[in-house]
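To convert a position in the sequence shown, counted from 1, into our numbering, add 6.
In this text, a Cβ means the ideal position worked out from N, Cα and C, and glycines have one as well.
In this text, all values refer to a predicted model and were calculated from it rather than measured experimentally.
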Amino acid sequence: MRHSVLLIDDDTEMSVMLTELFKRESVDLSVAEDGVTGLDKALNGDYELILLDVMLPGIDGMQLLQRLRQQHRDTAVLMLTARGDDDDRVMGLELGADDYLPKPFNPRELVARVRALLRRTPNTTMQNESLTVCGIVLDPATTEVKCDNAELILTPTEFDILRCLMQQAGQMVSKDQLSVAALGRKMEPFDRSLDVHISNIRKKFPTKPDRIQTIRGRGYRLIASL
Numbered sequence: 007m008r009h010s011v012l013l014i015d016d017d018t019e020m021s022v023m024l025t026e027l028f029k030r031e032s033v034d035l036s037v038a039e040d041g042v043t044g045l046d047k048a049l050n051g052d053y054e055l056i057l058l059d060v061m062l063p064g065i066d067g068m069q070l071l072q073r074l075r076q077q078h079r080d081t082a083v084l085m086l087t088a089r090g091d092d093d094d095r096v097m098g099l100e101l102g103a104d105d106y107l108p109k110p111f112n113p114r115e116l117v118a119r120v121r122a123l124l125r126r127t128p129n130t131t132m133q134n135e136s137l138t139v140c141g142i143v144l145d146p147a148t149t150e151v152k153c154d155n156a157e158l159i160l161t162p163t164e165f166d167i168l169r170c171l172m173q174q175a176g177q178m179v180s181k182d183q184l185s186v187a188a189l190g191r192k193m194e195p196f197d198r199s200l201d202v203h204i205s206n207i208r209k210k211f212p213t214k215p216d217r218i219q220t221i222r223g224r225g226y227r228l229i230a231s232l
C-alpha cells in the first residue's frame, strides 16, 4: 500500500534526499517550497501526513498550521523545528501539530516517526465498536467524536489519546502507554507533547474539562461517569 505525504520545506537539497528515501518506503512525497504553495496543496490535496518546517518564506509554518486547523482539516502534521527551540515545539503542539522532530535529524528517525503516524489510519480501526463514556461518544470507523452532543474536531493524535483513555475509563493510563498508543514511541525526557495534547482535548470539551484527571507524575485518567 502506497502512502501520500506532503513536505513543506524550502531546503531543496533535503527535499530531493527525502523524496528518494521515502520512495523506498512506499511513500509518494509531494513538495512545496514556500508557505503559500504549501497551504494551497494542504487544503486541496489528499495527503495522509504533512511534514511542516517552521521557517518558511511567504507564511511561516505556525501560521500555515493555524490556518489549516481553522479550516477543520485534521490531516496529521509532523513539525520540523530547530533543535533546542522548545517554544516552537510547544506552540506547534498547541496549534494542533501531532508530533515534532528537531533539525538536524537522522533520516531513519524521521522515517520511524512517519511510519508511526501513517499506521494510524481508519483502516486499522474499522472493526472497532464505538465507545460511549462520560458523555463522550467516539466512533473509530468514522473518527467522529461528540461530547455532550457537541461535535469535537480532534487531530489524529488527540483522537488516539482520547480513544485510549476511553478504553480504560476509570483507570490510570501511564504517559508511556498514551505516548505509544498515540505517537508510536515512548516518552522522551522533558517531553511535554503529551501534556499539551491533553490540554488541547480539555479545551475542546464544551463542559467539564476536568473529566480527564491528571495523576501527577504518572499519567491520566478519564472518569467513568459524570
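The beta carbon of lysine 210 sits closer than 6 Å to those of Leu158, all from its chain and outside the five residues before and after it, given in chain order.
Below 8 Å, enough C-beta pairs join the stretch 82-93 and the stretch 102-121 to call them touching: three or more.
Assignment of beta strand (DSSP E) within the stretch 151-215, counting only whole runs of 3 or more residues, yields 156-158 in chain order. The beta carbons of threonine 25 and valine 37 sit about 7 Å from each other, so the pair counts as a contact at 8 Å. Per the coordinates, the alpha-carbon of alanine 230 lies some 43 Å from the alpha-carbon of methionine 61. Rounded to the nearest angstrom, the gap between the Cα atoms of alanine 103 and glutamine 77 is 14 Å.
Selection Ser205, Leu12 and Thr220 evaluated against alanine 82 yields Leu12 as nearest (Cα-Cα). Collapsing the DSSP output to three states places valine 96 in a helix.
By the C-beta density criterion, valine 33 is buried, having at least 16 other C-beta atoms within 10 angstroms.
Under the DSSP assignment, valine 120 falls in the alpha helix (DSSP H) whose first and last residues are 113-124. The DSSP-derived three-state label of leucine 86 is strand. Between the alpha carbons of alanine 122 and serine 205 lies a distance of about 22 Å. Beta-bridge pairing by DSSP links glutamine 219 to Arg227. Where alanine 48 is concerned, the enclosing alpha helix (DSSP H) starts and stops at 41-50.
Among the bridge pairs identified by DSSP, isoleucine 142 is matched with Val139 and Cys153. Around the C-beta of arginine 217, 16 or more other C-beta atoms lie within 10 Å, and the residue is accordingly described as buried.
According to the DSSP assignment, leucine 35 belongs to the beta strand (DSSP E) that extends over 33-38.
Of Ala156, Thr138, Leu200 and Arg125, the smallest CA-CA separation from glutamine 174 is found for Thr138. A check of alpha carbon separations from arginine 79 across Leu99, Pro63 and Asp52 identifies Asp52 as the nearest. For valine 60, the secondary structure class from DSSP, reduced to helix, strand or coil, is coil. For leucine 71, the enclosing alpha helix (DSSP H) has its first and last residue at 67-76.
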